[in-house]
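This note's numbering applies: residue 632 is where the sequence shown begins, and numbers increase by one.
Worksheet: the structure to be examined is printed underneath.
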Amino acid sequence: MSGYRTLPVPDGLDGMRVDAGLAKLLGLSRTVVAALTESGDVVLDGRPAGKSDRLVAGAWLEVTLPEPERPVVVQAVPVEGLVVLHEDDDVIVVDKPVGVAVHPSPGWTGPTVVGGLAAAGVRIATSGAAERQGVVHRLDVGTTGVMVVAKSESAYSALKHAFKERTVDKLYHALVQGHPDPIKGTIDAPIDRHPKHDYKFAVMADGKPSITHYEVTEAFRAASLLDVHLETGRTHQIRVHFSALRHPCVGDLTYGADPVLAKRLGVTRQWLHARALGFRHPAGGSWVEYTSDYPADLQAALDLLRAEG
632 MSGYRTLPVP DGLDGMRVDA GLAKLLGLSR TVVAALTESG DVVLDGRPAG KSDRLVAGAW
692 LEVTLPEPER PVVVQAVPVE GLVVLHEDDD VIVVDKPVGV AVHPSPGWTG PTVVGGLAAA
752 GVRIATSGAA ERQGVVHRLD VGTTGVMVVA KSESAYSALK HAFKERTVDK LYHALVQGHP
812 DPIKGTIDAP IDRHPKHDYK FAVMADGKPS ITHYEVTEAF RAASLLDVHL ETGRTHQIRV
872 HFSALRHPCV GDLTYGADPV LAKRLGVTRQ WLHARALGFR HPAGGSWVEY TSDYPADLQA
932 ALDLLRAEG
């Protein structure tokens, strides 16, 4: 809905506040109407109206509506460091480098896995929203490692179902600050959007069920290396859960990591890597598993910690 609207205020809206009345009249949220009044895009009888002004029946109303957001488009741009671990007619398994989003989204102008595959001439399933076609699970921009994309429609359906039913084995390696106690355990804590920062998530009582299993595999003076198996796959799940335990991923400044330790280890993002992915192959049902080596920055941080003894 965009453009310019002029009309008299209907009798039924007489006396109503501008934000409430226009929200009703135009089918917009009060927040959107408030923003329109702030930018001077709502005019009553020739004068800009404030959101708490009152409407008068018969008064002449002029509203300039915002342009609709353009749909997000997949740009076929080669992605440096995007390695294909396996490809057949149904699936393509890739090793995602750091700084790459899985698919385009509003506000993201960087490289994407979907765009990189398109540039490489890989045809993927057309199921799902246009910008997310073939995508059955995601990794954060700052998380590296193994992920699968569906190429055939049947693989898309089968993998979507497998992720939903939790029959996929997702192994991550995480380097967290301090020493989790117990050294092997399960974090069962619901997650939802952070109440104050919409780019973050948090453990919230009324959030979505979220379950993380972990085991310490190597302990250092300042940090611990963990095997992490995800039972659910919420956005930022591992980062949120370990931050809630006061053991954030090393380098994860968004979730409370120590910037001094991150700098000392040369880590400029969360130390979190999708190490292995196992699933029943959509064609034939045999169990397949793919693994990804640590990228240079994560390996270097581990080497430093091991050298310190």
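Beta carbons: idealized from backbone N, C-alpha and C, even for Gly.
Cβ-based burial, residue i [other Cβ within 10 Å; buried from 16]
i    : result
H804 : buried
P879 : buried
M632 : Here M632 scores only 48 on pLDDT, less than 50, and its place in the model is too uncertain to base an answer on.
P813 : exposed
Y830 : exposed
S917 : exposed
R870 : buried
H717 : exposed
A854 : buried
G652 : buried
Y921 : buried
Q930 : exposed
G882 : buried
A760 : exposed
P840 : exposed
A888 : buried
V891 : exposed
V733 : buried
D676 : exposed
R865 : buried
Residue from the options with nearest C-alpha to residue i
i    : options                   : result
I842 : D858, D819, D684 and H828 : D819
V694 : Q706, L716 and V663       : V663
T637 : T743, K682, W691 and L644 : W691
V847 : A836, V859 and P840       : V859
P926 : S917, V722, A905 and K827 : A905
L908 : V722, H872, H867 and G915 : V722
S683 : S874, R648, L696 and L716 : R648
P639 : V674, P737, V780 and V766 : V674
H828 : L659, A750, A875 and Y886 : Y886
G836 : A875, A786, L861 and L884 : The residue asked about is misnamed: residue 836 is Ala in this sequence, not Gly. Residue A875 is the option with its Cα nearest to A836.
L657 : A932, P679 and P697       : P697
H872 : A932, L748, Q808 and P890 : Q808
L903 : K894, K655, D928 and D676 : D928
F910 : T798, A654 and S758       : T798
L935 : L884, K655 and K894       : K894
D823 : Q868, K815 and L857       : Q868
Cβ-Cβ distance between residue i and residue j below 8 Å
i    : j    : result
F794 : H768 : yes
G746 : V708 : yes
L713 : P735 : no
E762 : V705 : yes
G838 : P821 : yes
V777 : V744 : no
Q901 : G773 : yes
K791 : L861 : no
V766 : P742 : no
A756 : S783 : yes
D650 : A688 : no
Simplified DSSP assignment, three categories, for residue i
i    : result
S736 : coil
L770 : coil
G897 : coil
V710 : coil
E693 : strand
M632 : Model confidence at M632 stands at a pLDDT of 48, short of 50, so the residue's coordinates are unreliable; what they give is reported in the following sentence. Coil at M632, not helix or strand.
G730 : coil
D754 : One point to set straight first is that residue 754 is Arg, not Asp, in the sequence displayed. In this structure, R754 counts as coil in the three-state DSSP scheme.
Y925 : coil
A931 : helix
L644 : helix
A905 : strand
V881 : coil
A781 : strand
T637 : strand
V725 : strand
V715 : strand
Q776 : Reading off the sequence shown, one finds Gly at residue 776, where the question assumed Gln. The answer is strand: DSSP assigns G776 an E or B state.
V703 : coil
Report task. Entirely within the stretch 788 to 872 and at least 3 residues each: give me those beta strand (DSSP E) ranges in chain order. Result -> DSSP assignment within the stretch 788 to 872 yields the following whole beta strand (DSSP E) runs of 3 residues or more, N-terminal first: 800 to 808, 815 to 819, 822 to 824, 832 to 834, 842 to 850 and 854 to 861.
Query raised in the report: Mind pulling the beta strand (DSSP E) runs of 3 or more residues that sit fully within the stretch 643 to 679?
Result: Correct list: 673 to 675.
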